[in-house]
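Student: Residues in the sequence shown are numbered from 1 upward in steps of one, following the UniProt record's numbering. The structure is given below, and queries will be raised subsequently.
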Amino acid sequence: FIVMWMKVNCSECLSLFFKLECLATIKSESRLKHLLQRLPSYCPESMNELWMCINSTLPGVSRKSDGWVGLGCCELAISAECRRECRQVRNCSNNSLYSCIAKNEMGSTCCSYAGRHTTCREYCQAIFRTDSTPTVSQINAVKEYCQSHSAQLLSCVSNFTKSYPIRSPIDSLYCCDRAEATHCQVACRRILRTMSTEHEIMEGLIDECGSQPLPQEPMWQCFLGSAYPPSPPEEETPHPGKMDCAKLHCCSKANTSLCRDMCQEISTNWGSQTWQDFDQLCEYNPVEAELINCLADVREPCQLGCKDLTYCTNFNNRPTELFRSCNVQSDQGAMNDIKLWSNGTIKMPFMNIPVLDIRKCLPDMWKAVACSLQIKPCHSKFRGSVICKSDCVDILTQCGDRKRFHEGQTPERICELLSPIDDPERCIPLHRYLTPSSLSNNIVEEVIHPCNPNPCPSNHLCQVNRKGCLDELNCQPYLCVPGCKLGEASEFLVQQDARIQVPTRTGPAGCYEVCSCGPSGRLENCVEMPCVDIDKPCLIGGQRKSHGTSFRIDCRTCSCFAGATICSTRKCLGITSSDEDQQHFTGLPCNCPDRFIPVCASNGRTYPSACVARCLGFKDLEFVFGQCHHSNPCANKPCQRNQRCFPKYRVCLSDSSECPQYECVGRPGACDKNSVEPACDSDGLVHPSLCHLQQAGKTLAYMGHCQDACRKPQQVCGHNGETYNTVCDAFSDRVAVDYEGSCHAVGAVSDVSPDSACSLISCPPLSTPGCHPVTPPGEPNTSEAMLTQWAMNLNKNRPVTVHDVLRILRLHVSVPQCDVFGYLSIDHELVVLIAPVDQQPTPLQIEACSKEAEKIDSLINYASPTLVSQVPLSAFLTSEIKTSSIHSTGGAPTSPLTPGLYLLLGVLIHLAS
């Protein structure tokens, strides 16, 4: 009974407890015994107290309803978080548990074919000890060490790697069609879409269909045939079939036709060939760095924070650093790598590197290498996980076994292939991880990461809970929302009801369709969009600029989009400008006078003067004098009699003929109790939703919970030039405050004009001592043709708004201590601010916000499908960041981590025409 297959972290052992607790009422004795026999595979026998607890509480089968694997066992877990999760998880909603158990069970079967061949078994076990796709080196090692021992093992491992990733329940929907009774088919589809655990699904099908799981019945035969059921026939597969749309986005980034064709073939015909072939030819090709980094974003997006590692402990307590794979499996994988490398050879897909005994030669450096390659730190400027070249050369110079080097091999030549970069901002410097983090546990808690690790089922997305809860006692800092995979073979999820741009299955590069994420968990209702000629370059001063590249012409930021050069319209002084020109230069569009006589344009944006509005193309009939928020859009009673009109101020980005500033809401008999979107009325009372507020006959003050600081009106001027009654009103509109009082001056203008109206405004004190402020950027460029087309074809003529963009960007900020604000500048540029939410943020919280902004900036500039596949973000061409820093009075940095800390970050976003 205590025959251990492999030793893993305690959390995996406790995961099995959850499974066993859920099966406490199962009727099958054989099923129960089967699970108990697998306990040794998850729980190391060295955990004596834990085993004593388990053995003392195990029932006979007749006692299994007595709560036999008791919560007392949870107290023996090493990690406090592990103990807490063990006590709390009673409903087995963690769908990753089934995937973990199924994978480990398959690993136990596959590796048992190794017999007494220890090395073969160790390489086999390494395949199943990670939650990410097995690496090429791991698979090749199995082939090399096991091919002469067991053909069954190779076949078993091959089936696993080809079937990766593990499917979610909705991937078996086609099995429901094989049920004979219609009511069973309907119940089956509902169960698979709403339930996540094996036990819930099996019990639900038995109850609804009224039959036991007999293998001779077609529906049960389909479910029970394999842990990895075959794909349904092509005609039964919902669109987009066997595509991996997220990875397909990356294929156009390939620099060689070979890698581009292989990427497209694998992404559109999943299973026709393996990713191993692609990895061997393209993974380590230096010219394909952009393609490989894009694929890495899809497989393992960079996330802030790392903790709870037991082997790679120097990576812990780093809440403001980005990592791709900070988890228990990667921690175990690093330990396994060191064990394999200790044999004297590092096996790569295209070479073997002979080394001396790494247990004696620079052992700390080798551990840092193994942990870095598994945990994968990633920089915002360059998202590849590559060891810096100088470190690679140094460690191979000292520890490479030159007697076994092949002819022509040198440390320099080897590292030229493995680590061609030596810029510390584009590679992993090992010295950073040779010592523990300098942060204490108390400081680390200033920044939390509710979605890392992911607490949600595999078919749900984890989002930071920024809405709050009406029931504060049971409030979680995260929300689990239903999602859709971007294709049958994809691991990447998007939120339900989201609009997603995906490459077409058969069209050339640059041809897309926009789909919606439906309640079935699949992309549906796809509409083809006009193709973009991504091969057409732009000619700038005799130089060719390829599609998607950004550059500067004078002081303007420009981008090449399908052969068209799109530039900001910012006016700037030339080098030879006279003193008189500089004195009269305002920096406003068309060099308009620096006067604040606001007008409200038809796009819902307040401009500082009619001159500025005309300069941006608005005709006199398309704007009225006054600030947009001071008008009452419901005054003319635009809604029907059975509807109530609510002002809904918005700024439209698309060139639509209408940009309504109100919303007509029906008078429903009952409000949705499951929809929680708190709304505060003008009397300072909070309602569960706008619907409840409407039923109570109240007037909306702002969305969100009521705040004591906002009970009395105290006007503030937002960065968008609008005057708000309170700070809460501005924040509800996702606008940050510029200064107190009503707006009476235009925003940032020329720094050479001596009589700027801004000089009359007293800026509020900075929230953090020693902060050097930054002026949000103001370089313009908006061309709305693509957004207009989406509005007409997809949104039923509903225009794309600034709020739409900010709502999606907020989903990509994973730290609750930071939030997203933004506005359309007077030059038609989208400015996004990622700032701390606390009134007096700590340096660590400020740095976390800076890293979040740098991450989003990088995703935009590299056109990562994790962000730009979402409409309307797919129109983004480029972004720029401007930051402020914190210094002590003596000028020395106050940060415990880095010299540069950031308070406010502006992201310039240029939109494609």
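Virtual Cβ for every residue (Gly too), placed ideally from N, Cα, C. These numbers come from a predicted model, not from an experiment.
#1: Under 8 Å: do the stretch 516-529 and the stretch 492-503 share three or more Cβ pairs, one atom per stretch?
#2: What is the residue span of the alpha helix (DSSP H) that Phe-551 lies within?
#3: Starting from the C-beta of Ser-546, find all residues in its chain whose C-beta is less than 7 Å away, skip the five residues before and the five after it, and write them out in chain order.
#4: One question on the structure: do His-630 and Tyr-649 come within less than 8 Å of each other, judged by their Cβ atoms?
#5: Among the candidates Asp-297, Glu-300, Asn-269, Cys-259, whose CA atom is the shortest distance from the CA of Glu-283?
#6: From the DSSP output, in three-state form, read off Tyr-662 for me.
#7: Could you tell me the distance, in whole angstroms, from the CA atom of Lys-673 to the CA atom of Gly-684?
#8: Where does Val-464 fall in DSSP's three states?
#9: In terms of DSSP beta bridges, what is Tyr-724 paired with?
#10: Mark Leu-760 as exposed unless 16 or more other C-beta atoms lie within 10 angstroms of its C-beta, in which case mark it buried.
#11: Whose CA, out of Glu-300, Pro-836, Ile-808, lies closest to the CA of Asp-819?
#12: Can you tell me whether DSSP reads His-249 as helix, strand or coil?
#13: What first and last residue would you give for the alpha helix (DSSP H) that runs through Leu-867?
#14: Between Pro-713 and the rest of its own chain, which residues show a CB-CB distance below 7 Å, the 5 nearest in sequence each way excluded?
#15: For Val-287, collect the residues of the same chain with a Cβ closer than 7 Å to its Cβ; drop the 5 residues on either side in sequence, then sort them by chain order.
#16: Assign His-584 to buried or exposed, taking buried as 16 or more other Cβ atoms, counted over all protein chains shown, within 10 Å of its Cβ.
#17: On the CB-based measure, 16 or more other CB atoms within 10 Å of its CB, does Phe-625 come out buried or exposed?
#18: Hey, quick one: how far does the alpha helix (DSSP H) through Leu-340 stretch, first residue to last?
#19: Straight-line CA distance for Met-351 to Cys-146?
#20: Rounded to the nearest angstrom, what separates Leu-479 and Cys-188 at their Cα positions?
#21: Have a look at Cys-849 and Ala-141 and give me their C-alpha separation to the nearest angstrom.
#22: In terms of alpha-carbon separation, which member of Gln-543, Leu-833, Met-529, Gly-548 lies closest to Asp-535?
#23: Could you check whether Phe-315 and Cys-306 sit closer than 8 Å to each other, using their CB atoms as the reference points?
#24: Whole angstroms is fine: what's the gap from Pro-633's alpha carbon to Tyr-607's?
#25: Going by other Cβ atoms of all chains shown within 10 Å of its Cβ, with 16 needed for buried, is Arg-614 buried or exposed?
#26: Taking all protein chains shown into account, do 16 or more other C-beta atoms lie within 10 angstroms of the C-beta of Pro-799, making it buried, or fewer, making it exposed?
#27: When you compare only the Cα positions, how much space is there between Met-202 and Cys-209?
#28: Looking at C-beta atoms only, is the number of pairs between the stretch 460-467 and the stretch 808-819 that lie closer than 8 Å three or more?
#29: Look at the Cβ atom of Ala-601, then the Cβ atom of Glu-622, and state whether they are nearer than 8 Å.
#30: Measure the C-alpha to C-alpha separation of Gly-666 and Arg-644 and round it to an integer number of angstroms.
#31: Under three-state DSSP, which class holds Val-186?
#32: Measure the CB-CB distance between Cys-664 and Cys-639 and report whether it falls below 8 Å.
#33: Using CA coordinates, which residue listed in Tyr-702, Cys-110, Ser-155 is at the minimum distance from residue 914?
#34: Which one of Leu-417, Tyr-433, Cys-484, Ile-597 has the shortest CA to CA distance from Ser-372?
#35: Assuming Cys-245 and Gly-487 make a contact with CB atoms under 8 Å, what is their CB distance in whole Å?
#36: Label Ser-267 either buried or exposed according to how many other C-beta atoms from any shown protein chain fall within 10 Å of its C-beta, with 16 as the threshold for buried.
Tutor: Reading it off the structure:
#1: yes
#2: Within the sequence shown, numbered from 1, the residue matching residue 551 stands at position 551. Phe-551 -> not in any alpha helix (DSSP H); beta strand (DSSP E) instead, spanning 550-553.
#3: As a working note, residue 546 is residue 546 in the sequence shown. The beta carbon of Ser-546 sits closer than 7 Å to the beta carbons of Pro-537, Cys-560 from its chain, once the five residues preceding and following it are set aside; these are given in chain order.
#4: As a first step, residue 630 is located in the sequence shown; it is residue number 630 there, counting from the start. As a first step, residue 649 is located in the sequence shown; it is residue number 649 there, counting from the start. No, the pair does not count as a contact, with Cβ atoms beyond the cut-off.
#5: Counted from its first residue, the sequence shown places residue 283 at position 283. If we check each option's Cα against that of Glu-283, Cys-259 comes out closest.
#6: By one-based count along the sequence shown, residue 662 stands at place 662. Tyr-662 falls in the strand class under three-state DSSP.
#7: Locating residue 673 in the sequence shown gives position 673, where the first residue counts as 1. Locating residue 684 in the sequence shown gives position 684, where the first residue counts as 1. C-alpha separation (whole angstroms): 21 Å.
#8: As a position in the sequence shown, residue 464 is number 464, starting the count at 1. If DSSP states are grouped into helix, strand and coil, Val-464 belongs with the strands.
#9: Here residue 724 corresponds to residue number 724 of the sequence shown, with the count starting at 1. Answer is Val-716.
#10: Here residue 760 corresponds to residue number 760 of the sequence shown, with the count starting at 1. Exposed.
#11: The count along the sequence shown starts at 1 and reaches residue 819 at position 819. Here the closest residue by C-alpha is Pro-836.
#12: In the sequence shown, the residue the question calls residue 249 occupies position 249. Three-state result, His-249: helix.
#13: Residue numbering aside, residue 867 sits at position 867 when the sequence shown is read from its first letter. Per DSSP, Leu-867 belongs to the alpha helix (DSSP H) from 865-868.
#14: As a first step, residue 713 is located in the sequence shown; it is residue number 713 there, counting from the start. Once the five neighbours on either side are set aside, the close Cβ partners of Pro-713 are Asn-725, Thr-726.
#15: If you number the sequence shown from 1, residue 287 lands on position 287. Same-chain partners within the cutoff: Asn-255, Thr-256.
#16: Taking the sequence shown and counting its residues from 1, one reaches residue 584 at position 584. His-584 comes out exposed.
#17: Looking up residue 625 in the sequence shown gives position 625. Flag for Phe-625 reads exposed.
#18: As a position in the sequence shown, residue 340 is number 340, starting the count at 1. Taken as a continuous stretch (DSSP letters only), the alpha helix (DSSP H) holding Leu-340 covers 328-341.
#19: In the sequence shown, counting from the first residue as 1, residue 351 sits at position 351. In the sequence shown, counting from the first residue as 1, residue 146 sits at position 146. The alpha-carbon atoms of Met-351 and Cys-146 are separated by roughly 19 Å.
#20: Along the sequence shown, read from residue 1 onward, the residue named residue 479 stands at position 479. Along the sequence shown, read from residue 1 onward, the residue named residue 188 stands at position 188. A direct Cα-Cα distance of roughly 26 Å separates Leu-479 from Cys-188.
#21: The count along the sequence shown starts at 1 and reaches residue 849 at position 849. The count along the sequence shown starts at 1 and reaches residue 141 at position 141. C-alpha separation (whole angstroms): 42 Å.
#22: Looking up residue 535 in the sequence shown gives position 535. Looking at the Cα atoms, Gly-548 is the closest of the given residues.
#23: In the sequence shown, counting from the first residue as 1, residue 306 sits at position 306. In the sequence shown, counting from the first residue as 1, residue 315 sits at position 315. Contact: yes.
#24: If you number the sequence shown from 1, residue 633 lands on position 633. If you number the sequence shown from 1, residue 607 lands on position 607. C-alpha separation (whole angstroms): 18 Å.
#25: By 1-based counting over the sequence shown, the position of residue 614 is 614. With 16 or more other Cβ atoms within 10 Å, it is buried.
#26: Working through the sequence shown from its first residue, we reach residue 799 at position 799. Buried.
#27: Within the sequence shown, the letter at position 202 stands for residue 202. Within the sequence shown, the letter at position 209 stands for residue 209. C-alpha separation (whole angstroms): 11 Å.
#28: Counting Cβ pairs under 8 Å, three or more are found: they touch.
#29: For the purposes of this step, residue 601 is taken as the residue at position 601 of the sequence shown. For the purposes of this step, residue 622 is taken as the residue at position 622 of the sequence shown. For Ala-601 and Glu-622, yes; Cβs fall inside 8 Å.
#30: Sequence index remark: in the sequence shown, residue 666 carries index 666 (1-based). Sequence index remark: in the sequence shown, residue 644 carries index 644 (1-based). If you take the alpha carbons of Gly-666 and Arg-644, they lie about 6 Å apart.
#31: By 1-based counting over the sequence shown, the position of residue 186 is 186. Under the three-state reduction of DSSP, Val-186 is assigned to helix.
#32: As a first step, residue 664 must be located in the sequence shown, where it is residue number 664. As a first step, residue 639 must be located in the sequence shown, where it is residue number 639. Going by C-beta atoms, Cys-664 is nearer than 8 Å to Cys-639.
#33: Coverage of the chain is limited to positions 1 through 913, which leaves residue 914 absent and any answer about it impossible.
#34: Working through the sequence shown from its first residue, we reach residue 372 at position 372. If we check each option's Cα against that of Ser-372, Tyr-433 comes out closest.
#35: Locating residue 245 in the sequence shown gives position 245, where the first residue counts as 1. Locating residue 487 in the sequence shown gives position 487, where the first residue counts as 1. Rounded, the Cβ-Cβ distance is 4 Å, consistent with contact.
#36: By 1-based counting over the sequence shown, the position of residue 267 is 267. The residue in question, Ser-267, is buried, as its Cβ has 16 or more Cβ neighbours within 10 Å.
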